[in-house]
Amino acid sequence: MQSSYMTMQDIILTVLAILIIIVFAGAIYSLFRAIFQFIFSDGKDEVIQKAIKNIRYTIMGIIVTIVLLFVFPILFKQMKVNGYQYYTAQNIFSRA
Numbered sequence: 005m006q007s008s009y010m011t012m013q014d015i016i017l018t019v020l021a022i023l024i025i026i027v028f029a030g031a032i033y034s035l036f037r038a039i040f041q042f043i044f045s046d047g048k049d050e051v052i053q054k055a056i057k058n059i060r061y062t063i064m065g066i067i068v069t070i071v072l073l074f075v076f077p078i079l080f081k082q083m084k085v086n087g088y089q090y091y092t093a094q095n096i097f098s099r100a
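Quick note: the sequence shown uses my numbering, first residue 5, plus one each step.
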């Protein structure tokens with residue numbers, strides 16, 4: 005019979021995966037919103053500058069998301085969390 009409970013490692017991995025999904029989804033939403041804002045700006049400089057700034061922040065958000073995938077394992081290793089080798093970017097990504 006297979007046990008249906010989750011270990012603490014699975015719970016932490018799931019929380020990290022959910023966090024990564026939320027940040028990445030928000031960045032993608034923001035990117036599409038900024039692109040549409042840029043396209044439909046009617047040549048207004050204020051709207052164009054706002055859209056460009058939003059696109060810049062969105063790209064930084066996507067980069068931060070990718071960096072977080074690699075920082076969490078290093079951070080857990082430095083904090084000496086039990087089973088830190090379990091929290092690899094590959095495991096977080098596959099859980100997501």
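A virtual CB, placed ideally from N, CA and C, is assigned to each residue, including glycine.
>> Suppose contacts are defined by Cβ-Cβ distances below 8 Å. Is residue 58 in contact with residue 82 by that definition?
In response: Not closer than 8 Å, so no.
>> Give me the residue from 75, 87, 95 with the minimum Cα distance to residue 12.
In response: With distances taken between Cα atoms, residue 12 lies closest to 87.
> Could you give the distance in angstroms between the alpha-carbon of residue 14 and the alpha-carbon of residue 35?
Replying inline: The alpha-carbon separation between residue 14 and residue 35 amounts to approximately 31 Å.
>> Using 8 Å as the cut-off, can you tell me whether the region 48-63 makes contact with the region 84-98, which would need three or more C-beta pairs spanning the two stretches below that distance?
In response: When Cβ pairs closer than 8 Å are counted between the two stretches, the region 48-63 is seen not to touch the region 84-98, the count staying below three.
> Of all the options 10, 37, 69, which has the alpha carbon lying nearest to the alpha carbon of residue 22?
Replying inline: With distances taken between Cα atoms, residue 22 lies closest to 69.
> Can you give the Cα-Cα distance for residue 99 and residue 77, rounded to whole angstroms?
Replying inline: Computed Cα separation, rounded: 14 Å.
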